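**Q** For what it's worth, my numbering labels the leading residue of the sequence shown as 794, then goes sequentially.
For every residue, glycine included, the Cβ atom is placed at its ideal position computed from N, Cα and C.
Please read all numbers here as calculations on a predicted model, not as lab measurements.
Below: one structure in structure tokens.
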Amino acid sequence: EKRRAKHSIIKNILLWTFQILVVILFAYVLVYFFGQSRTNIGQSMDVTLSGGDTVLMDTLIYQVGSPKRGDVIAFKPNGSGTGHSSIKRVIGLPGETVRIDQNGNIYINGKLLKENYGKETMLNNGRAGSDVYLGSDEYFVLGDNRNNSIDSRWSDVGNVSREDIVGKVVLRIYPFKSFGLIK
Numbered sequence: 794e795k796r797r798a799k800h801s802i803i804k805n806i807l808l809w810t811f812q813i814l815v816v817i818l819f820a821y822v823l824v825y826f827f828g829q830s831r832t833n834i835g836q837s838m839d840v841t842l843s844g845g846d847t848v849l850m851d852t853l854i855y856q857v858g859s860p861k862r863g864d865v866i867a868f869k870p871n872g873s874g875t876g877h878s879s880i881k882r883v884i885g886l887p888g889e890t891v892r893i894d895q896n897g898n899i900y901i902n903g904k905l906l907k908e909n910y911g912k913e914t915m916l917n918n919g920r921a922g923s924d925v926y927l928g929s930d931e932y933f934v935l936g937d938n939r940n941n942s943i944d945s946r947w948s949d950v951g952n953v954s955r956e957d958i959v960g961k962v963v964l965r966i967y968p969f970k971s972f973g974l975i976k
């Protein structure tokens, strides 16, 4: 009887160990093949993301689909070959014309864009003070903290090419108290 009980305990420990290893392996494969983590630097995405927040990106989604207006994306600024990427929100889509007036209103193809991502009224419309035409593979991005963001309004970033988009930011994983999906 004691031998059978001892055998059962060992069997349970091995079973639990195997299950834990499978879960760890699954999580590793999931993150490695379908996602990457990035740390948000700066305040350009406040209130959505704060400086120092670590996020998880879905790198597979745009291999089967395209970014949509409102998506928060990570991209390589100007096709940068370094590991550095920026995080911003997609505002303009391929083939559209974007303009921002003196009051900070965004117009897509001449129609006012109703959105509530911007933290405050934009004080500087940059190059979008006149029409910005997006090519067939270009996107116009803005930070949510519009007055503290280097984004598509500035030539340092400009229009973002589809090939420079790394992935869609989907989940804040750190700090733990703010863990959750990105909207």
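Taking the alpha carbon of LEU823 as the point to measure from, which residue in GLU931, LEU853, LEU808 and VAL962 has its own alpha carbon closest?
**A** Counting from one through the sequence shown, the residue named residue 823 turns up at place 30. Restricting attention to GLU931, LEU853, LEU808 and VAL962, the CA atom closest to the CA of LEU823 is found in LEU853.
**Q** Considering only DSSP beta bridges, list what GLN829 is partnered with.
**A** For the purposes of this step, residue 829 is taken as the residue at position 36 of the sequence shown. GLN829 pairs with MET850.
**Q** Looking only at its own chain, which residues have a Cβ that is under 7 Å from the Cβ of GLY922, when we skip the five neighbours before and after it?
**A** For the purposes of this step, residue 922 is taken as the residue at position 129 of the sequence shown. Hits under 7 Å: ILE893.
**Q** What does DSSP give as the partner residue(s) for ARG985 in the beta ladder?
**A** Residue 985 lies beyond the range of the chain shown here (794 to 976); nothing can be said about it.
**Q** Closest to GLU908 by C-alpha separation, out of MET850, SER801 and ASP864, would be which residue?
**A** Counted from its first residue, the sequence shown places residue 908 at position 115. The option with the nearest alpha carbon to GLU908 is ASP864.
**Q** Taking all protein chains shown into account, decide if LEU818 is buried (16 or more other Cβ within 10 angstroms of its Cβ) or exposed.
**A** Numbered from 1 along the sequence shown, position 25 holds the residue referred to as residue 818. Exposed: under 16 other Cβ atoms inside 10 Å.
**Q** Within the chosen definition, does the region 937-945 reach the region 809-817 through at least 3 CB pairs nearer than 8 Å?
**A** no
**Q** Any contact between the region 920-937 and the region 945-963? By contact I mean 3 or more CB pairs, one from each, below 8 Å.
**A** yes
**Q** Among the candidates GLN895, ILE866 and PRO870, whose CA atom is the shortest distance from the CA of ARG882?
**A** As a working mapping, residue 882 is identified with position 89 in the sequence shown. The residue with the shortest Cα to Cα distance from ARG882 is ILE866.
**Q** Since GLY835 and GLY828 are thought to touch, with beta carbons under 8 Å apart, how far apart are those beta carbons, to the nearest angstrom?
**A** Working through the sequence shown from its first residue, we reach residue 835 at position 42. Working through the sequence shown from its first residue, we reach residue 828 at position 35. With a Cβ gap of about 22 Å, GLY835 and GLY828 do not count as contacting.
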